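Colleague: Structure provided below as structure tokens; questions to follow.
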Amino acid sequence: MNHINIKIRKKTAVADAGAVIVCGNSDYTVRFDFDDEWSGTGVKTARFTRENGGYTDVQFEGSEVAVPAISNTRMLYIGCYAGNIMTSTAAPVRAVPCCTDPAGQPEEPTPNVYAQLIERFDRQGRISIGSNGNWFFGSTDTGRPSRGERGEKGDKGDKGDPYGADYVCEAGTSGIWYYRKWASGRAECFGSIVCTGVSATEKWGSVYESASEYGGEAYPFAFAEPPLQMLYVEDAGAAYLIETQLNTQRHTAANTGKWYFWRPAESPGEVDVTVGICVFGRWKAD
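Take the numbering used here: the last position of the sequence shown gets the number 286, and nothing is skipped along the way.
Below is the structure:
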């Protein structure tokens, strides 16, 4: 490896007397001798400028950097810069032609500084927060905390919406029912009952009522209190309305209660009526 020594004092770069490179070679290294002004600069960038104004930037740490292969120049100007921002003058170094100069040096394009940074980060690892709370660069603990010290516990806030963080804690089927229970205590169940042999032969005022009561289906679980219940005709062989009970036969916390069917005209023929049931309530008290 061939070395070119460059001393930098008060931002002025000076190469050793007689320093020279032969074009077309990639085995040269610049050894910088920095003054104290450059201490702690970390990553630095060497700039190699050709006599036509073209240049190549190469990042390095420490004091040595490889010289990129150059061609078709008789003078190379070498300087350095770092941080935000420290620069030096460029030290002139004589370049002599090589046998490939007349045809031009088939150099691969040198990656720009950004590409070199990305490559450096990929080699050293990504930035992350470790289990101790410090910033890590790859597997290296930087010793710098990612956050300040934990402060004192604040006052307790207002009670939030009980349904805001609610979730279904149980769901399933039981008999005619599909049901769901929430952690907050809400519950719902849905089902259908097929009432067979329905006829309207009992005159009740200006309408006709079924002779029999229907329903009386137990819920899949007992509610904490009588829930909201809605009945509706899903399917029927004739037009029927549902008459719910307001006495001891009405629905309870555990049962649908019973109901009659009625219609405005007498209907002695028996049909099947499917009744849909929706129930909403609480399976546990607040």
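Every residue, glycine too, gets a C-beta built ideally from N, C-alpha and C. As the structure is a computational prediction, the values presented were derived from the model and not from experiment.
Please state the DSSP three-state secondary structure of W259.
Modeller: To locate residue 259, count along the sequence shown from 1; it is residue 259. The answer is strand: DSSP assigns W259 an E or B state.
Colleague: Can you give, in chain order, each stretch of the beta strand (DSSP E) that sits fully within the stretch 226–276 and has at least 3 residues?
Modeller: 228–236, 241–244 and 258–263
Colleague: Compute the Euclidean distance between the alpha carbons of T140 and V43, then round it to the nearest angstrom.
Modeller: On the sequence shown, position 140 is the one that residue 140 refers to. On the sequence shown, position 43 is the one that residue 43 refers to. Straight-line Cα distance between these residues: approximately 17 Å.
Colleague: From the DSSP output, in three-state form, read off E37 for me.
Modeller: On the sequence shown, position 37 is the one that residue 37 refers to. In the structure shown, E37 sits in a helix (DSSP, three-state: H, G or I).
Colleague: Pull up the DSSP beta-bridge partners for N134, would you.
Modeller: To locate residue 134, count along the sequence shown from 1; it is residue 134. Paired residue(s): P145.
Colleague: Note down the Cα distance separating E188 from G157, rounded to an integer number of angstroms.
Modeller: Working through the sequence shown from its first residue, we reach residue 188 at position 188. Working through the sequence shown from its first residue, we reach residue 157 at position 157. Cα to Cα, the separation comes out at about 31 Å.
Colleague: So Y260 and E213 are supposed to be a Cβ contact under 8 Å. How far apart are they, rounded?
Modeller: As a first step, residue 260 must be located in the sequence shown, where it is residue number 260. As a first step, residue 213 must be located in the sequence shown, where it is residue number 213. About 6 Å; that satisfies the 8 Å criterion.
Colleague: Tell me the DSSP secondary structure of P102 in three-state form.
Modeller: Indexing the sequence shown from 1 puts residue 102 at position 102. P102 falls in the helix class under three-state DSSP.
Colleague: Taking 7 Å as the cut-off, is the CB of G185 close to at least one heavy atom of the ligand NAD?
Modeller: You won't find the ligand NAD in this model; it holds no ligand whatsoever.
Colleague: I need the DSSP call for G197, collapsed to helix, strand or coil.
Modeller: Reading the sequence shown from its first residue, position 197 is the one you call residue 197. G197: strand per DSSP, three-state reduction.
Colleague: So is P220 buried or exposed if we call it buried at 16+ other beta carbons inside 10 Å?
Modeller: Start at 1 with the first residue of the sequence shown, and residue 220 comes out as number 220. It is buried - the Cβ of P220 has at least 16 other Cβ atoms within 10 Å.
Colleague: In three-state DSSP terms, what is F280?
Modeller: Walking along the sequence shown from the start, residue 280 turns up at place 280. Annotated three-state conformation of F280 is strand, per DSSP.
Colleague: For the stretch 247–255 against the stretch 189–200, are there 3 or more C-beta pairs whose distance is under 8 Å?
Modeller: no
Colleague: For my contact list, W182 and C169 are in at a C-beta cut-off of 8 Å; report their separation, rounded to the angstrom.
Modeller: Numbered from its first residue, the sequence shown carries residue 182 at position 182. Numbered from its first residue, the sequence shown carries residue 169 at position 169. Indeed, because the Cβ distance is near 7 Å, the residues count as touching under 8 Å.
Colleague: Do V207 and E270 have their C-beta atoms closer together than 8 Å?
Modeller: As a working note, residue 207 is residue 207 in the sequence shown. As a working note, residue 270 is residue 270 in the sequence shown. Not in contact: V207 and E270 (Cβ atoms no closer than 8 Å).
Colleague: In whole angstroms, what is the alpha-carbon distance linking P268 and A200?
Modeller: For the purposes of this step, residue 268 is identified with residue 268 of the sequence shown, where counting begins at 1. For the purposes of this step, residue 200 is identified with residue 200 of the sequence shown, where counting begins at 1. Straight-line Cα distance between these residues: approximately 6 Å.
Colleague: Closer than 8 Å by C-beta to A265: which residues in its own chain qualify, once you throw out the five before and the five after it? Chain order, please.
Modeller: In the sequence shown, counting from the first residue as 1, residue 265 sits at position 265. A200 and Y208.
Colleague: Going by beta-carbon coordinates alone, are A91 and V20 separated by less than 8 Å?
Modeller: Walking along the sequence shown from the start, residue 91 turns up at place 91. Walking along the sequence shown from the start, residue 20 turns up at place 20. Contact: no.
Colleague: Using the Cα positions of Y179 and E149, report the straight-line distance between them to the nearest angstrom.
Modeller: The residue labelled residue 179 in the question sits at position 179 within the sequence shown. The residue labelled residue 149 in the question sits at position 149 within the sequence shown. Those two C-alpha atoms are separated by around 48 Å.
Colleague: Alpha carbon to alpha carbon, how far is M1 from Q59? Give it in angstroms, no decimals.
Modeller: Reading the sequence shown from its first residue, position 59 is the one you call residue 59. Reading the sequence shown from its first residue, position 1 is the one you call residue 1. About 19 Å.
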